[in-house]
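**Q**
There are 2 protein chains.
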Amino acid sequence: MWAVRALRRTPVDILLIDRSNHHTFQPLLYQVATAGLAAPSIAAPLRHVLRRQRNVTVLLGSVTGIDTDARRVIADQTPYSYDYLFVATGATHAYFGHDDWQRDAPGLKTLGDALAMRARILMAFERAEAASDSTERVEWLTFVIVGGGATGVELAGTLAEIARHTLKGEFRRISPSDARILLVEAGPRVLPSFVETLSRYAEHALQRLGVTVRTGRAITQVSPRGVSMEAERIAARTVLWAAGVEASPLARHLGADVDRSGRVKVCPDLSIEGHPEVFVAGDLAHVRAASGVVPGLAPAAKQMGAHVARSLRARLRGAPTTAFRYRDYGQLATVGRRAAVVQLGPLRLTGAIAWWFWLTAHIFFLIGFRNRLVVLIDWASAYWTYRRGARIIVNSPPSSSAR
Amino acid sequence: MWAVRALRRTPVDILLIDRSNHHTFQPLLYQVATAGLAAPSIAAPLRHVLRRQRNVTVLLGSVTGIDTDARRVIADQTPYSYDYLFVATGATHAYFGHDDWQRDAPGLKTLGDALAMRARILMAFERAEAASDSTERVEWLTFVIVGGGATGVELAGTLAEIARHTLKGEFRRISPSDARILLVEAGPRVLPSFVETLSRYAEHALQRLGVTVRTGRAITQVSPRGVSMEAERIAARTVLWAAGVEASPLARHLGADVDRSGRVKVCPDLSIEGHPEVFVAGDLAHVRAASGVVPGLAPAAKQMGAHVARSLRARLRGAPTTAFRYRDYGQLATVGRRAAVVQLGPLRLTGAIAWWFWLTAHIFFLIGFRNRLVVLIDWASAYWTYRRGARIIVNSPPSSSAR
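Heads up: the protein sequence lines correspond to chains A and B, in order. Take the first sequence: its letter number 395 is residue 395 in the numbering used here, and every next letter is one higher. Take the second sequence: its letter number 281 is residue 281 in the numbering used here, and every next letter is one higher.
The following block contains the structure:
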């Protein structure tokens with residue numbers, strides 16, 4: 001989307017093919033999954049966002065093949081020829097070769113995922129209330145979150161607040177605050193991309209909320225009844241997956257080198273080796289910068305999108321392209337109310353001030369005036385009342401299996 | 001819900017079993033279906049609404065059987081015994097013996113229905129844009145709404161506004177305003193429950209919006225490619241069903257007399273013949289009032305709920321029960337912006353004043369402060385910009401068949 005917008009005054013015909021009709025503001029997906037926000041609040045219809053840009057045609061479609069020699073893309077059985085191609089199909093969570101775990105440990109990458117996860121979380125408390133024996137009840141009240149990155153930390157912290165505050169007094173047979181929430185991370189600390197002091201703060205903040213943090217433990221088995229890790233089995237009916245990165249399978253159609261996660265190794269100008277007319281960016285691209293590989297974050301993707309537009313304009317002029325330079329604006333993650341971490345260059349913030357910073361930044365970057373206002377109201381209401389406005393189950397998952 | 005709330009100070013133990021976790025504000029379902037509102041905006045979690053009422057246990061479950069002799073209800077294979085039973089499982093749309101039409105002409109009774117209908121409507125424009133030949137394009141741009149009651153009129157009017165205003169300029173190959181919207185009603189006029197002058201106004205208002213109204217035509221066939229009626233076939237890929245009423249199948253388990261729609265014929269105090277401990281109310285009940293059969297409207301259902309609580313309290317005291325008396329507060333329906341009809345006793349309003357009345361009444365009756373505020377913002381934004389905030393397709397239906 002950022003590349004397309006940057007090309008609004010360039011004399012090109014753009015065909016934007018996406019399999020969903022909206023742009024999703026990914027950093028707030030966990031809020032939809034935990035019933036804090038309605039799905040439309042973090043989504044903007046692509047057509048609407050780009051309606052005034054007359055050089056763009058938006059097409060809802062699934063790209064299934066790319067032929068870089070014939071310069072052709074196949075979407076829904078229809079071939080589309082191109083002069084220049086830009087692929088930004090992103091990445092999804094990875095199960096490290098255990099794709100069968102997906103059914104019992106769903107991940108969070110799309111709004112569909114978020115709504116399914118929301119139904120699963122809310123249903124767990126309903127099933128605990130209806131459970132006839134105490135073993136079953138305990139299993140429904142045990143939640144395991146796999147992966148200690150920002151998404152895992154945010155899910156665990158919010159779940160703890162839901163169990164202790166939002167649902168307080170609403171059940172008659174269970175006490176939602178008895179819920180056990182475990183965050184499992186294979187590496188030595190949570191938020192591994194942050195500096196160590198911030199990881200330590202986040203871990204303590206999670207523990208204060210009642211979350212059990214297990215680091216240095218890899219999951220070895222996932223089933224409908226729980227997870228196994230080295231020397232421990234946890235009986236849990238709800239397992240949420242927030243680990244690993246796997247590039248979109250379209251990467252394989254490009255014929256370029258890929259890294260371990262399947263991301264395409266790109267040239268400095270973000271085109272691919274041997275095909276100066278093909279660009280790859282965002283989570284799908286493996287880009288080397290001075291400080292290492294560019295991280296898979298929204299700000300990096302936006303910068304890359306704008307750079308692809310620059311490279312493309314240079315090609316059209318016959319001028320040399322320039323190398324992409326990543327500007328690191330830092331990282332934010334939130335644990336719970338008035339508890340967040342901010343790492344901005346040499347600046348490190350924790351606690352309430354970091355939380356207010358996080359909130360302001362996220363509202364600011366949310367697309368569309370209406371969404372910002374509605375999200376502000378939802379958050380203000382949630383802040384004062386601990387209520388969560390989107391607590392509805394529309395399609396309930398059949399028992400513990402995924403839809 | 002209204003019966004349960006009316007019993008808050010009565011010394012009884014209430015078990016409320018519902019197969020959804022929320023109360024849906026049905027009069028605004030069409031707004032969710034037409035992408036004007038997010039699903040959570042018109043839903044309130046039952047547990048949350050009733051959290052302070054200590055004599056209630058809310059259970060998410062599907063009732064599959066009722067044994068009035070053994071005084072037992074079966075929900076999810078578990079039997080629950082009762083002293084008093086209140087059944088208010090409502091009604092759904094009816095296909096007059098053609099249940100196979102449901103796949104191609106989905107109805108609108110739940111939030112799940114509304115989200116599926118939203119995806120279908122938005123996908124139709126997407127498929128028209130992607131269509132390779134003009135016949136297919138015209139079929140995707142033709143919408144048939146079956147049933148000229150309030151829901152049908154509201155869907156047709158809103159669809160016309162979406163085609164002519166909301167989507168304006170967002171497509172490159174089609175012009176959404178070319179969409180053809182037909183409202184088909186088997187009876188002689190739309191809004192048959194209103195007086196004739198208001199029906200006439202609504203029909204003219206729909207025509208001004210570009211809707212084709214066909215009255216006195218019964219549908220004889222529905223297929224993925226269109227509908228047939230007497231002496232006419234309409235090729236359309238989107239057919240929406242807003243006709244007929246059929247009572248919940250649980251009515252049959254009660255052993256009482258039912259009417260043609262399957263609604264239970266109840267005694268004046270809303271209990272059923274031979275079972276003074278069993279009450280039926282809402283859309284499931286066939287109730288005779290001085291002015292005829294009580295209509296299946298939300299205000300009537302709320303009054304009945306409160307009356308069941310009164311009858312139950314009389315039974316507990318050993319006092320005689322009283323007959324239900326329906327207070328008709330009138331009817332409202334909206335056609336489009338600044339076009340609605342209001343019938344309130346001798347009062348009849350049309351146009352802008354009726355529309356403002358409709359808007360105020362609906363905001364007022366929406367449950368929960370937050371929802372009211374968010375709905376107000378959504379509507380104010382839609383009023384000024386014609387934008388619709390919930391224009392996202394989360395689970396797209398596979399081609400033209402229903403999910």
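For glycine and all other residues, C-beta sits at the position ideal for the given N, C-alpha and C.
How is P398 (chain A) classed by DSSP in three states: helix, strand or coil?
**A** The pLDDT assigned to P398 (chain A) is 40, lower than 50, so where the model puts this residue is not dependable; a value taken from the coordinates is nonetheless given after this. In this structure, DSSP gives P398 (chain A) a state outside helix and strand, which the three-state scheme calls coil.
**Q** Going by C-alpha distance, which of A:E170, A:F25, A:P79 is nearest R54 (chain B)?
**A** A:E170
**Q** What first and last residue would you give for the beta strand (DSSP E) that runs through F405 (chain B)?
**A** As shown, chain B starts at 1 and ends at 403. That puts residue 405 (chain B) outside it, with no answer to give.
**Q** Which residues of the region 110–123 of chain A have a Cβ closer than 7 Å to any Cβ of chain B? Give them in chain order.
**A** Listed in chain order, the positions of the region 110–123 of chain A with a beta carbon within less than 7 Å of a beta carbon of chain B are L111, G112, L115, L122.
**Q** From L37 (chain A) to Q31 (chain A), what does the alpha carbon distance come to, in whole angstroms?
**A** 6 Å
**Q** Would you call W101 (chain A) buried or exposed, if buried means 16 or more other Cβ atoms sit within 10 Å of its Cβ?
**A** Result: buried.
**Q** Which bits of chain B does E126 (chain A) rub up against, with CB to CB less than 7 Å?
**A** N21, L60
**Q** Say whether the region 197–206 of chain B touches the region 345–354 of chain B, bearing in mind that this needs 3 or more beta-carbon pairs closer than 8 Å, one atom from each stretch.
**A** yes
**Q** Under 8 Å, Cβ to Cβ, is there at least one residue of chain B near V138 (chain A)?
**A** For V138 (chain A), the nearest beta carbon of chain B is not closer than 8 Å to its own beta carbon.
**Q** Using a Cβ cut-off of 9 Å, pull out every chain C residue sitting near T57 (chain B), in sequence order please.
**A** This model lacks chain C altogether; the protein chains it does include are A and B.
**Q** Would you report the Cα separation of D283 (chain B) and A186 (chain A), rounded to the nearest angstrom?
**A** Here the C-alpha atom of D283 (chain B) lies approximately 55 Å from the C-alpha atom of A186 (chain A).
**Q** Please name the residue in A:G61, A:W2, A:G226, A:G90 whose C-alpha comes closest to that of R103 (chain A).
**A** A:G226
**Q** Which chain A residues are close to A377 (chain B), counting only those with a beta carbon under 8 Å from its beta carbon?
**A** A quick correction: the sequence has Ile, not Ala, at residue 377 (chain B). Correct list: R370, L373, V374, I377.
**Q** Can you tell which of A:P106, A:R172, A:R310 has the C-alpha that lies nearest to the C-alpha of F143 (chain A)?
**A** Of the residues A:P106, A:R172, A:R310, the one whose Cα lies closest to the Cα of F143 (chain A) is A:P106.
**Q** Does any residue of chain A bring its CB to less than 8 Å from the CB of I393 (chain B)?
**A** Chain A contact via Cβ: present.
**Q** Rounded to a whole number of angstroms, what is the C-alpha to C-alpha distance between T166 (chain B) and R5 (chain B)?
**A** 40 Å
**Q** I want to verify the contact list: residues of chain A whose CB lies under 7 Å from the CB of H165 (chain B), in sequence order.
**A** Under the 7 Å cutoff, chain A gives no residues; its nearest Cβ is about 12 Å from H165 (chain B).
**Q** Does any CB atom of chain A fall closer than 8 Å to the CB of P224 (chain B)?
**A** no
**Q** Indicate whether Q141 (chain A) and I162 (chain A) have their beta-carbon atoms separated by less than 8 Å.
**A** Checking the sequence, you will find Leu at residue 141 (chain A) rather than Gln. Their beta carbons are not under 8 Å apart, which means L141 (chain A) does not touch I162 (chain A) by this criterion.
**Q** What is the DSSP secondary structure of G282 (chain B), counted as helix, strand or coil?
**A** helix
**Q** Using CA atoms only, rank isn't needed, just tell me which of B:G336, B:R391, B:L373 is closest to T151 (chain B).
**A** B:G336
**Q** What residues from chain A crowd round P40 (chain B), counting only those whose CB sits closer than 7 Å?
**A** The contacting residues are A38, G389, A390, I392.
**Q** Interface residues of chain B around R5 (chain A) at Cβ under 9 Å?
**A** Those do not exist, as R5 (chain A) stays about 15 Å from chain B at its closest Cβ, beyond 9 Å.
**Q** Just the chain A side, please: which residues come within less than 9 Å of H275 (chain B) by C-beta, in chain order?
**A** Chain A residues near H275 (chain B): none, gap ~27 Å exceeds 9 Å.
**Q** Where does A44 (chain B) sit, in a helix, a strand or coil, going by DSSP?
**A** strand
**Q** Would you kindly work out how many angstroms separate the C-alpha atoms of V239 (chain B) and L297 (chain A), rounded to a whole number?
**A** 42 Å
**Q** Between the C-alpha atoms of R8 (chain B) and A354 (chain A), what's the straight-line distance to the nearest angstrom?
**A** If you draw a straight line from the Cα of R8 (chain B) to the Cα of A354 (chain A), it comes to about 44 Å.
**Q** Would you say R8 (chain A) faces chain B, with C-beta separation under 8 Å as the test?
**A** no
**Q** Please decide whether H98 (chain A) counts as near chain B, where near means a Cβ-Cβ distance under 8 Å.
**A** no
**Q** Rank B:Y326, B:Q343, B:P176 by C-alpha distance to the C-alpha of A128 (chain B) and give the top, closest one.
**A** B:P176
**Q** Should F96 (chain A) go down as buried or exposed, given a rule of 16 or more other Cβ atoms within 10 Å for buried?
**A** exposed
**Q** By Cβ distance below 6 Å, which residues in the same chain neighbour A35 (chain A) in space, the five residues on each side in sequence not counted?
**A** R118, R388, A390, R391
**Q** Any beta carbon of chain A sitting closer than 8 Å to that of P397 (chain B)?
**A** Low local confidence applies: a pLDDT of 42 at P397 (chain B) is under 50, so the model's placement there is unreliable, with the coordinate-based value given in what follows. Judged by the 8 Å Cβ criterion, P397 (chain B) is not in contact with chain A.
**Q** Quick one: does G307 (chain B) have its CB under 8 Å from some CB of chain A?
**A** What sits at residue 307 (chain B) in the sequence shown is His, not Gly. Any Cβ of chain A closer than 8 Å to the Cβ of H307 (chain B) would place that residue at the interface, and such an atom is absent.
**Q** Taking only beta-carbon positions, decide if A43 (chain B) is within less than 8 Å of chain A.
**A** yes
**Q** Give the single residue among B:A339, B:F364, B:T89, B:L191 whose Cα lies nearest to the Cα of D18 (chain B).
**A** Per the Cα distances, B:T89.
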